[in-house]
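Asks:
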Amino acid sequence: ETGVTQSPTHLIKTRGQQVTLRCSSQSGHNTVSWYQQALGQGPQFIFQYYREEENGRGNFPPRFSGLQFPNYSSELNVNALELDDSALYLCASSLVAGAEETQYFGPGTRLLVL
Amino acid sequence: RKEVEQDPGPFNVPEGATVAFNCTYSNSASQSFFWYRQDCRKEPKLLMSVYSSGNEDGRFTAQLNRASQYISLLIRDSKLSDSATYLCVVNNPGTYKYIFGTGTRLKVLA
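This is the structure we're talking about:
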């Protein structure tokens, strides 16, 4: 196991609602990245947090936002949910925000938007 | 053109076979490369990093060809437990995001 945990494991929401997903990074890791994985696709980068600051963002609209806390755990918030937001949301932690740094993934949160 | 491209498969191979996957990337400045394995409805797990000199871990061998901008994964003596989706990952300089391919699905048949 990677030591990265996520909650909840599954979630069902309706269009227009808001959702918060949570991630606890591996002990000693100060960087958390979030990815969205649609069915049959590879994970797509949403954003990364390093020492409580956003450290890079993918092609996702502003209704996707995040936070990192002093203990390096993180939240992903999605407002005004759309049907296409249905996906597996993965968080990954790494020791530092480095190009060669291996990222370790949590089990993911499976979100279904109806 | 996608930044990272993989043949989605599926590759159906008998137990004991040798199978190879390729993955091409578009950014010649890419500097870090990985193979991850993902089982159905599970998270990706690191299989191996890919180094310029190539590297081997048991039955698995990864190669990097910078001139042609592809990486490869060779699996020898396939086991039933190797059935999974294999994700190619590239990390470009100046960014810390992983860029994933769509994955190649492998089925090892008894």
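In order, the protein sequence lines correspond to chains A and B.
For the first sequence, this note's numbering assigns the number 96 to the last residue and increments by one with no breaks.
For the second sequence, this note's numbering assigns the number 423 to the last residue and increments by one with no breaks.
Beta carbons are placed, not taken as given, at the ideal position from N, Cα and C, and that holds for glycine.
1. Counting only Cβ-Cβ distances shorter than 8 Å, please list the residues of the segment 411 to 423 of chain B near chain A, keeping chain order.
2. Enumerate in chain order the residues of its own chain whose CB-to-CB distance from threonine -4(A) is below 6 Å, with the five nearest sequence positions on each side excluded.
3. Just to make sure I have the definition right: I need the residues of chain B whose C-beta is within less than 8 Å of the C-beta of serine 15(A). Which are they?
4. Using a Cβ-Cβ cut-off of 7 Å (strictly less than) and excluding sequence neighbours within five positions of phenylalanine 29(A), which residues of its own chain qualify?
5. Under the assumption that glutamine 351(B) contacts threonine 417(B) (Cβ atoms under 8 Å), give the Cβ distance between them as a whole number of angstroms.
6. Taking three-plus beta-carbon pairs below 8 Å as touching, is the segment -4 to 6 of chain A in contact with the segment 56 to 75 of chain A?
7. Could you name the residues of chain A that proline 357(B) contacts, counting a contact when the two beta carbons are closer than 8 Å?
8. Assign isoleucine 105(A) to one of two classes, buried (16 or more other C-beta atoms within 10 Å of its C-beta) or exposed (fewer than that).
9. Based on the DSSP output, what are the partners of histidine -8(A) in its beta bridges?
10. Applying the 10 Å Cβ sphere with the 16-neighbour rule, what's the burial state of alanine 20(A)?
11. Please list the partners that glutamine 18(A) has in chain B, where partner means a Cβ-to-Cβ separation under 8 Å.
12. Residues of chain B with CB closer than 7 Å to the CB of glutamine 30(A), please, in chain order.
13. Give me the Cα-Cα distance between threonine 84(A) and glutamine 376(B), rounded to the nearest whole angstrom.
14. Can you give the Cα-Cα distance for valine 363(B) and tryptophan 348(B), rounded to whole angstroms?
15. Would you tell me roughly how many angstroms separate the C-alpha atoms of glycine 414(B) and phenylalanine 373(B), rounded to the nearest one?
16. Starting from the beta carbon of asparagine 37(A), find every residue of chain B whose beta carbon is closer than 7 Å, and list them in chain order.
17. Any C-beta of chain B sitting closer than 7 Å to the C-beta of glycine -15(A)?
18. Per DSSP, phenylalanine 334(B) is paired with what?
Replies: Inspection of the coordinates gives the following:
1. Tyr411, Ile412, Phe413, Gly414, Thr415 and Gly416
2. Leu96
3. Tyr409, Lys410 and Tyr411
4. Trp16, Glu36, Gly38, Arg39, Gly40 and Gly48
5. Going by Cβ atoms, the distance from glutamine 351(B) to threonine 417(B) rounds to 10 Å, so no, they are not a contact pair.
6. yes
7. Pro25, Leu72 and Phe87
8. A query on residue 105(A) cannot be resolved here, the shown segment of chain A reaching from -17 to 96 and no further.
9. Arg92(A)
10. exposed
11. Chain B residues near glutamine 18(A): none, gap ~11 Å exceeds 8 Å.
12. Tyr409 and Lys410
13. 18 Å
14. 7 Å
15. 19 Å
16. Tyr409
17. no
18. Leu386(B)
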